[in-house]
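There are 2 protein chains.
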Amino acid sequence: MTVLILTTEEDVTADMVVVHLHACAVPVVRLDPADLTGGAALSGEYVHGAFRGHLSSGGRLVSLDGLRSVWVRRPGIPASRAARPSPWLTEESAQALYGMLRSSGARWMNDPDAAHRARHKPWQLRHAQSCGLPVPATLITTFPQAAREFADRYPDLVVKPVSGAHPQDPPRAVPTSRVSPDADFAAVAFGPTLLQRRVAKRADIRLTVVGERLLAARKPVAADAHPDEVDVRFASTTAPWEPAEVPPRIAESVRAYMRGAELAYGAFDFVEDADGTWWFLECNQSGQFGFIEVDTGQPIARTIAEWLSRPVAPRPTRLNGANSAVS
Amino acid sequence: MTVLILTTEEDVTADMVVVHLHACAVPVVRLDPADLTGGAALSGEYVHGAFRGHLSSGGRLVSLDGLRSVWVRRPGIPASRAARPSPWLTEESAQALYGMLRSSGARWMNDPDAAHRARHKPWQLRHAQSCGLPVPATLITTFPQAAREFADRYPDLVVKPVSGAHPQDPPRAVPTSRVSPDADFAAVAFGPTLLQRRVAKRADIRLTVVGERLLAARKPVAADAHPDEVDVRFASTTAPWEPAEVPPRIAESVRAYMRGAELAYGAFDFVEDADGTWWFLECNQSGQFGFIEVDTGQPIARTIAEWLSRPVAPRPTRLNGANSAVS
Chain D
1 MTVLILTTEE
11 DVTADMVVVH
21 LHACAVPVVR
31 LDPADLTGGA
41 ALSGEYVHGA
51 FRGHLSSGGR
61 LVSLDGLRSV
71 WVRRPGIPAS
81 RAARPSPWLT
91 EESAQALYGM
101 LRSSGARWMN
111 DPDAAHRARH
121 KPWQLRHAQS
131 CGLPVPATLI
141 TTFPQAAREF
151 ADRYPDLVVK
161 PVSGAHPQDP
171 PRAVPTSRVS
181 PDADFAAVAF
191 GPTLLQRRVA
201 KRADIRLTVV
211 GERLLAARKP
221 VAADAHPDEV
231 DVRFASTTAP
241 WEPAEVPPRI
251 AESVRAYMRG
261 AELAYGAFDF
271 VEDADGTWWF
281 LECNQSGQFG
291 FIEVDTGQPI
301 ARTIAEWLSR
311 PVAPRPTRLN
321 GANSAVS
Chain B
1 MTVLILTTEE
11 DVTADMVVVH
21 LHACAVPVVR
31 LDPADLTGGA
41 ALSGEYVHGA
51 FRGHLSSGGR
61 LVSLDGLRSV
71 WVRRPGIPAS
81 RAARPSPWLT
91 EESAQALYGM
101 LRSSGARWMN
111 DPDAAHRARH
121 KPWQLRHAQS
131 CGLPVPATLI
141 TTFPQAAREF
151 ADRYPDLVVK
161 PVSGAHPQDP
171 PRAVPTSRVS
181 PDADFAAVAF
191 GPTLLQRRVA
201 KRADIRLTVV
211 GERLLAARKP
221 VAADAHPDEV
231 DVRFASTTAP
241 WEPAEVPPRI
251 AESVRAYMRG
261 AELAYGAFDF
271 VEDADGTWWF
281 LECNQSGQFG
291 FIEVDTGQPI
301 ARTIAEWLSR
311 PVAPRPTRLN
321 GANSAVS
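Protein chains in written order, with UniProt numbering: chain D, 1 to 327; chain B, 1 to 327.
As structure tokens, this is what we get:
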């Protein structure tokens, strides 16, 4: 049984996992959807109530029945490297590839529909609350008056994007920034704005979840850090990430989050306040982990490889298994 | 409790349903996501473990807690009518709106993630097979040799798009066409191609499903129809659609399909052969129904209105209901 990795050709994070899969002699096929219909090809046949499908990539042919798992790492845009790319060819290729893979029975890291839902920050915040995770007071609004009233109640605020990275090419991370006390919020009317109470933090926490396994890392805030340095991705500190224990209540809530979100992989960002409380900021279902593994030595890549290698569970019995159809 | 309809301003199909909602005195709010952040606005606040959200559209304000259902009819692209539209504003607005709606607890017709999955034709074909629906022999491939072998086994074929409408502006329906006997299939290598055994049909069937209710319509093929007229959308017949009985086995399979697909609405296309067998072609989760209602007098719009009007079911108890978070 083969592990299928959907990613671009150059992807050192995928390489880290592939090393472990090779060490366990698990067959791996890498496929970049961008290579449809050049270096990658597909075929699926629906006859006599049954389906037989195949993928080919880099000269290797794999049966869809023979897939144990699919890792959606960093796939390119389908058919974007075709000889004559077009929106139509991209759409046809996306539907063909992901449509067939969706009915393959393989386990997903992560299921594409669950992943799509889990990207929505407003959904994340509500889901985190429901799972009992502490969430800093947050407002997402296009009403300037709502923003002003929120700022009256929570004078120390940060602003961040609702959606994540700016869609330029290459995508640009938009830093979380502190809101100045004299902000007038009139511009809120021109686009949804996410305001959040700034947590006075003593550390950043990255909690990587792979299946049932939780791997937490912690980076203390430098003693001389300026309070405007709210975004760890852009902070000046050079301190490394260090392994951390997960408080049992957080572990329970995070597992409930993963189950409810139907995710196999998630990278949670928390901030730790002076009382030691972990405040949920977000869960990135495709978050990077290489920098954490390098700093902490935590076996994230190996854990992912183990998850991907597990045998496929027996398929559930269909409600209506009789295939009377002939053709 | 309010019904929220996401659609463009001019939508006579939505109007047909709104008439029935008004007749039952059910409050309705129409919102076109394209109107963010002009005629439409949103706000959501996450404080003390709870969420309070509001939408405003056309001067009306509605609480997200007060929504009983959301009908995703024909929503515009978020913020596309903003004063200064941009891909970034569209992404921020989409995430804000659909992210909040996803956690509102309202019933969806259809749930956006289920709808996305259900659009994939390869997934549809496999799901239909699994539910026991007869599916004509079908091949989706980028291998010319696979296409040639399939054509040897099934010499009478049609070709159709994998994905549906061509993404030009306005979108263009691509007709299903007969494959000529001397086709050489070399071009299959340049894009996924869907080939399907042509069913010699005596009628087209449109089966509209609204919740548990099945409404079937049938249009007989004209006696003098040319066998090349395979696509009912482009056929020359002027015969009206007429109400039809659903064979019990088909009804059972279709209900299994809807449950498995997690859809509340679906428009199934079948063709009926000389033996009376209904062959599954596709299930369009947002298929039009106005033309069927006009021809047959079937109460599709009223049935949709009734489904949308049903009270919200009590929310399931959370695995982890304790909201310890304060902010």
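Glycine included, every Cβ here is placed at the ideal spot set by N, Cα and C.
Cutoff 8 Å: E92/D Cβ touching any chain B Cβ: If you number the first sequence from 1, residue 92/D lands on position 92. So yes, E92/D belongs to the interface.
Run of the beta strand (DSSP E) containing D269/B, from where it starts to where it stops: One-based indexing of the second sequence puts residue 269/B at position 269. DSSP places D269/B in the uninterrupted beta strand (DSSP E) bounded by Y265 to D273.
Contacts around M109/B, its chain only, beta-carbon distance under 6 Å, and the 5 residues preceding and following it disregarded: For the purposes of this step, residue 109/B is taken as the residue at position 109 of the second sequence. If we look at M109/B and ignore the five residues flanking it on each side, its Cβ neighbours are W71, A264 and Y265.
In DSSP terms, what G99/B is bridged to: As a working note, residue 99/B is residue 99 in the second sequence. Bridge partners of G99/B: none, in fact.
Beta-carbon neighbours of P122/D, restricted to chain B and to distances below 9 Å: Within the first sequence, residue 122/D is the residue found at index 122, counting from 1. Per Cβ cutoff of 9 Å: G44, Y46, F51, G53, Q95, A96, L97, Y98, G99, M100, L101, R102 and S103.
Spatial neighbours of I292/B in its chain, beta-carbon cut-off 7 Å, leaving aside the 5 residues before and after: Within the second sequence, residue 292/B is the residue found at index 292, counting from 1. In its chain, beyond the 5 residues on either side, R206, T208, A217, W241, Q298 and I300 have a beta carbon closer than 7 Å to the beta carbon of I292/B.
Local Cβ density within 10 Å of L61/D, reported as buried at 16 or more and exposed below that: Reading the first sequence from its first residue, position 61 is the one you call residue 61/D. Flag for L61/D reads exposed.
Proximal residues of chain D, C-beta to C-beta of F143/B below 7 Å: As a working note, residue 143/B is residue 143 in the second sequence. Going along chain D in sequence order, the residues near F143/B (Cβ under 7 Å) are A41 and S43.
Contact set between T176/B and chain D, taken where Cβ atoms lie within less than 9 Å: Against the second sequence, residue 176/B aligns to sequence position 176. Correct list: empty, because the minimum Cβ distance to chain D is about 15 Å.
As assigned by DSSP and simplified to three states, the class of V232/D: One-based indexing of the first sequence puts residue 232/D at position 232. Here V232/D sits in helix by DSSP.
Simplified DSSP state of P220/B, which is helix, strand or coil: By 1-based counting over the second sequence, the position of residue 220/B is 220. Here P220/B sits in strand by DSSP.
Helix, strand or coil at F51/D according to DSSP, with G and I counted as helix: The sequence position of residue 51/D within the first sequence is 51, counting from 1. In the structure shown, F51/D sits in a strand (DSSP, three-state: E or B).
Between the CA atoms of I5/B and D11/B - distance to the nearest angstrom: Translated into the one-based positions of the second sequence, residue 11/B becomes position 11. Translated into the one-based positions of the second sequence, residue 5/B becomes position 5. Those two C-alpha atoms are separated by around 11 Å.
Local conformation of F190/D per DSSP, three classes: Along the first sequence, read from residue 1 onward, the residue named residue 190/D stands at position 190. If DSSP states are grouped into helix, strand and coil, F190/D belongs with the helices.
contact_flag[the region 186–199 of chain D, the region 132–142 of chain D] where n(CB pairs < 8 Å) is 3 or more: yes
Cα-Cα separation between A225/D and E45/B, rounded to whole angstroms: Here residue 225/D refers to the residue found at position 225 when the first sequence is read from its first residue. Here residue 45/B refers to the residue found at position 45 when the second sequence is read from its first residue. Those two C-alpha atoms are separated by around 30 Å.
Beta-carbon proximity check, W278/B vs P134/B, cutoff 8 Å: Reading the second sequence from its first residue, position 278 is the one you call residue 278/B. Reading the second sequence from its first residue, position 134 is the one you call residue 134/B. In this structure, P134/B lies closer than 8 Å to W278/B by Cβ.
Nearest residue (CA-CA) to V29/B, options T8/B, T37/B, A118/B and V271/B: On the second sequence, residue 29/B is found 29 positions in, with the first residue counted as 1. Nearest C-alpha to V29/B: T8/B.
Close beta carbons around S80/B, own chain, < 7 Å, minus the five adjacent residues each side: For this step, residue 80/B is matched to residue 80 along the second sequence. Closer than 7 Å at Cβ, skipping near neighbours: A34 and T90.
Where the beta strand (DSSP E) through W278/D begins and ends: Taking the first residue of the first sequence as 1, we reach residue 278/D at position 278. Start and end: W278 to N284.
Spatially closest choice to S103/D from R310/B, P181/B, K121/B and A256/B, by CA coordinates: One-based indexing of the first sequence puts residue 103/D at position 103. Residue K121/B is the option with its Cα nearest to S103/D.
Chain-ordered chain B contacts of P161/D [CB-CB under 8 Å]: For the purposes of this step, residue 161/D is taken as the residue at position 161 of the first sequence. The answer, in chain order, is E92.
Euclidean distance between Cα positions of Q285/D and Q95/D: Here residue 285/D is taken as the residue at index 285 of the first sequence, counted from 1. Here residue 95/D is taken as the residue at index 95 of the first sequence, counted from 1. Each residue's Cα considered, the two are about 22 Å apart.
Within-8 Å CB hit, R233/D to chain B: Taking the first residue of the first sequence as 1, we reach residue 233/D at position 233. It does not: the Cβ of R233/D has no partner Cβ on chain B nearer than 8 Å.
Same chain, Cβ closer than 7 Å to D231/D, five either side skipped, listed in chain order: Position 231 of the first sequence, counting from 1, holds the residue named residue 231/D. P175 and T176.
Check whether G66/D and M1/D have beta carbons under 8 Å apart: Working through the first sequence from its first residue, we reach residue 66/D at position 66. Working through the first sequence from its first residue, we reach residue 1/D at position 1. Contact: yes.
Expected contact under 8 Å - CB spacing of E282/B and Q124/B to nearest Å: Locating residue 282/B in the second sequence gives position 282, counting from the first residue. Locating residue 124/B in the second sequence gives position 124, counting from the first residue. About 6 Å; that satisfies the 8 Å criterion.
Helix, strand or coil at R198/B according to DSSP, with G and I counted as helix: Numbered from 1 along the second sequence, position 198 holds the residue referred to as residue 198/B. The answer is coil: DSSP assigns R198/B none of H, G, I, E or B.
beta-carbon R30/D near the ligand GDP non-hydrogen atom, thresh 7 Å: In terms of ligand content, the structure shown is empty, and the ligand GDP therefore cannot be addressed.
Residues that A146/B contacts on chain D, provided the C-beta gap is smaller than 8 Å: Locating residue 146/B in the second sequence gives position 146, where the first residue counts as 1. Result: S43 and E45.
Contact list for the region 184–195 of chain B against chain D, Cβ threshold 7 Å: From the region 184–195 of chain B, only A189, F190, G191 and P192 have a Cβ closer than 7 Å to chain D.
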